[in-house]
Amino acid sequence: MADPTEPGTDLRQDDLASADQSLFNNGQPSAQPPSSELDSACLLMELPAGQHQQQQQPPPPPQAVPQSAYLTLPDHRLPRSRSPSSRGRQHQRRGSGSSAASVDRDNLSIMSGGSLAMFYRNADGTDESLPCLVVSRLEKIPLKDFSSEIRANMDIQRFLKEATLLLDVEGANVECIIEQMLRSIFRADHESHHSSGSGGGGGDGGSVAGAAGAIDSRLDAKVQDAKKTLFLQANWMDYTYQRLAKTIKSISVVDSEGLITDNSWLCTMCSLNGVQKRHVAIARLSTPVNLGRSSEGVSFILLVVTPTKEKGTKSDIELGRTFATILADSEFRQKLLLAETESEFKEMLQGHAHELGEEQKIYRRKSLRTKDFMSQAFNYESSWPICNGIRADLKRRLSHYLSDFIDAFRDNKTIRKVVTTVIFLYFACLMPCIAFGVLNNSLTNGYITVHRVILSQCIGGVTFALFGGQPLIIMLTTAPLALYTRIIFELSQNHGLDFFAFFGWVGVFNAALLLLYAVLDLSKLMRWSTRSTEEIFAMFISVAFTVGAVKSVYGNFDTYYCDGNGGAETNGGNLTSGSDKWGPNLTLDSQSALNGSSSVGQKQQNCQRDVSILFLLLCIGTVFLSMYLLNFTKTPYLNRAKRELMADFSLPVSVLAMSFVGTYLFRNVQLEKFSCLPYIQLEFVIARPLPGLAILGAFGLAIPLSMLFFMEQNISSAMVNCPANKLRKGSAYHLDLLTVALMNGVMSCFGLPWVHGALPHSPLHVKALADLEERIDLGQHVHQSVVRVRETRITGVVSNVLIGLSLLMCPVPLSFIPVPVLDGLFVCMAITALFDNQLFERILLLFTEQAAYPPSHYLRRVPQRKVHIFTCLQLLQLFVLCALGFNSIAYAKLGFPVILFLQMPVRHLLIPKLIDENYLDALDKPM
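For the sequence shown, our numbering gives the first residue as 5, with consecutive numbering after it.
Structure (structure tokens):
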């Protein structure tokens, strides 16, 4: 629907001039009755100055309902001078015996300089309300969706029972009518609170009269306080200017006149400190009353009073929007005029709300369910017995292959985005390669070194960027893969097997199983993977990164931060003992394997607290600097382009800056460095002799490993291809899995570590190439949404080539990067992975005051109790994953892929028994 403030809109000029004001004076009923030829309606809401920061536009509901809404919002309360001699003003002296103050009608006019000077000379300096200006602006708000917003039906059912109805009210101006409604509300509230404790026993007439007088005085005080909030009022001499400060009205379509302001009803609302619960009052006037321009024939007035401390879904605007949606129907208002009793009036409201819900359910656009979106991704012909998915992916992606390279050079901004993304990926992938290389070096006693990890990253990353279906997915070795490498090493040591041969055969069988999964189109199972499954795993990765960094810091303090006797605490003489207390997993051991030397069994006996303190400061400093630069776009410094540049380079700048601090400024503090050998020796490791039973055992180990690859690769792909990213070239689940299988099979033959799609690097790659816009919700929460993404292969190819060239910088200068900087990098990636993670947002709701709840779409559609139940169920699933992933028993980790795969049947078979499917659709919709 067109905005009535835009040029060319078919809106009467007098309605446009009066759309942002609600001035009232004693007048006569409008000569024209409310029109009944309205095809659709919009709501005009007017808020008091300063409140638009707290009451922002809520997210629009599903479309296809032929109704929308507008909100009129005075932005500021600025000085506005008025003169009694101004033309076009009709002034009325305040009568001493009149209960209603005289009101100045607000017609637009021009005030001369002489009149303004006279006004300032005669104005009362003690009156702070003058001079003042009133500025208004329009915003859209949606009509209430009774078919999906759970709060709408709850409000109708509750407040129709408790609502104050005033039928056939007599009143000449809005102040008198509002005062009657307020008195009815507060008197009913007082009686309900004191009815249970009134008891028997009366007093003398004087005491009763005194108590009644005290009650009336308190009631008068509450009414006056409410009127001060409801009305914007300015007084000068004997003149009064006043208007309703916050209103909801509607704009409707009339066949003969186009868009007009609906003048037959209005809604006003306020929030008060002394109110304990929400109140609704509806007044039906005996005859239409002229309450000013755009309100010439008002027949219904809706009043909403709420406490100031209410969460967003229970605010005065939300409650007013519920009843305003019902009153926006012109035909229904005509029926309400015929209601004879309050019970009939309420029954009509209840019935119409139900009818609206049924109508909106039919015409509104249904939200896209996860399974529907995933079905689109796997919608292809099954004409062949095998490889149907691979054929469909090739058909979908081959037509875009050339553009995947050309799109990187479309314009200057795209080139800048590509360059900054390449630098971001270089640091974001190289640092974990070094860290996991250090970890693998420790877990395998030097077999898998930093060199091998960097080389496998270069080969795997370039191969997938060139031949993978979705090039935005980032290949990387991960902590779970490092744990499987440890299990393989322990089995080879326990049974006297050649490690590289055993490792190579496990990798070959894993590749064969992945190839089988791709050929048989098993990626179709991912249509049952929901946002819940993806966010649980993403949360696990964040927890793993954080735990690894904490263990590393703890291990350093356990080694170097001596006790009170001046000697270091010993734990068997092994430098890894500080980490072993937490379990031999997911930790970057900064004390034993970082130097790669054979002297790992000795612990320094001298006290070096400066090493531990610097270790902690570098870790925290890396996190702080990286997050500060990442959020630099929210600061007022520099200009927008430079702020975006700082945010794009947040990761490399923080790594280089803190490495300089730790290596040069504190060069006298001997932080241990990781080893990086200047050479690497490759051979065809599966040609080495290995017993047949060991090869069979390698196949057994490959089965859970292939499940881990299958889930992690497809979850990464699902998070990259989610609807919120607005990718245009399509997904390629089967082709991606085929590419991962082939390249890992080849690398396994040469004893190189495995790689697959990684979190959170893959979604972060998408955001780095995206144009983002920020929006602010009702609760002042800032959210970023993707406008478009540059889908290119250049970033993956160039960044991984640079990572391969980094082998030439080993050991110098790569070894100058302190270990705590790597730990801080892990924490940064863990924090950024939580952005837009709905599970994390709902976890915070468990500790958040209800008044501060954001107006999220699921909070509008799902009862709060159901939201918390769903969150607790997800936390239980996350706890099971962590119990296996962080288990001190190495072989227990073999069950981790199985539990990860079982997340899907748990979501679709067990959770629907506890939570209704309609609520799950709102809570677990596509990202």
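Here a beta-carbon is modelled for each residue, glycine too, at the ideal position from N, C-alpha and C.
- Inter-residue distance for residue 912 and residue 878 is about 13 angstroms (C-alpha atoms, whole angstroms).
- In this structure, DSSP gives residue 310 an extended state, which the three-state scheme calls strand.
- DSSP, reduced to helix, strand and coil, places residue 239 within a strand of the structure shown.
- Judged by DSSP in its simplified three-state form, residue 143 adopts strand.
- Taken in chain order, the unbroken stretches of alpha helix (DSSP H) that lie wholly in the stretch 669-729 and span 4 residues or more are 696-724.
- For residue 419, the enclosing alpha helix (DSSP H) begins and ends at 416-447.
- Out of 729, 362, 336, the CA that lies nearest to the CA of residue 352 is found in 336.
- Under DSSP, residue 775 forms a beta bridge with 792.
- In the structure shown, residue 611 falls within a coil segment according to DSSP collapsed to helix, strand and coil.
- Contact between residue 316 and residue 857 holds, with the beta-carbon distance rounding to 6 angstroms and staying under 8 angstroms.
- Secondary structure at residue 638: helix, using DSSP grouped into helix, strand and coil.
- The beta strand (DSSP E) runs lying completely inside the stretch 459-514 and spanning 3 residues or more number zero.
- Comparing alpha-carbon positions, the option among 324, 288, 396 lying closest to residue 346 turns out to be 288.
- According to the DSSP assignment, residue 291 belongs to the beta strand (DSSP E) that extends over 283-293.
- Residue 245 has 238 as its beta-bridge partners, per DSSP.
- Residue burial annotation: residue 876 is exposed, with fewer than 16 other C-beta atoms found within 10 angstroms of its C-beta.
- The shortest C-alpha to C-alpha distance from residue 560 to any of 762, 813, 765, 676 is the one to 676.
- Annotated three-state conformation of residue 194 is helix, per DSSP.
- Between residue 464 and residue 759, the beta carbon gap of about 4 angstroms places them in contact (Cβ cut-off 8 angstroms).
- With respect to the 7 angstroms criterion, residue 324 and residue 308 are classified as neighbours on the basis of their beta carbons.
- In this structure residue 885 touches residue 540 by the C-beta definition: roughly 7 angstroms separates them, less than 8 angstroms.
- With a threshold of 16 other beta carbon atoms within 10 Å, residue 688 falls short and is exposed.
- A direct Cα-Cα distance of roughly 19 angstroms separates residue 246 from residue 267.
- Secondary structure at residue 173: strand, using DSSP grouped into helix, strand and coil.
- CA-to-CA, the gap between residue 187 and residue 868 works out to about 33 angstroms.
- As a beta-bridge residue in DSSP terms, residue 761 pairs with 479.
- Closest option to residue 229, judged by alpha-carbon separation, among 275, 244, 194: 275.
- Beta-bridge annotation (DSSP): residue 264 is paired with 256.
- Membership of residue 451 in any alpha helix (DSSP H) is not indicated, and neither H nor E is assigned to it by DSSP.
- For the pair residue 564 and residue 616, the CB atoms are nearer than the 7 angstroms cut-off.
- Around residue 656, the same chain offers 427, 428, 430, 431 as residues with beta carbons nearer than 8 angstroms, after the five sequence neighbours per side are excluded.
- According to the DSSP assignment, residue 903 belongs to the alpha helix (DSSP H) that extends over 900-905.
- Assigned with DSSP and collapsed to three states, residue 743 falls in helix.
- Taking the C-beta atoms as reference points, residue 874 is found no nearer than 7 angstroms to residue 835.
- The beta carbon of residue 447 sits closer than 7 angstroms to the beta carbons of 486, 489, 490, 493 from its chain, once the five residues preceding and following it are set aside; these are given in chain order.
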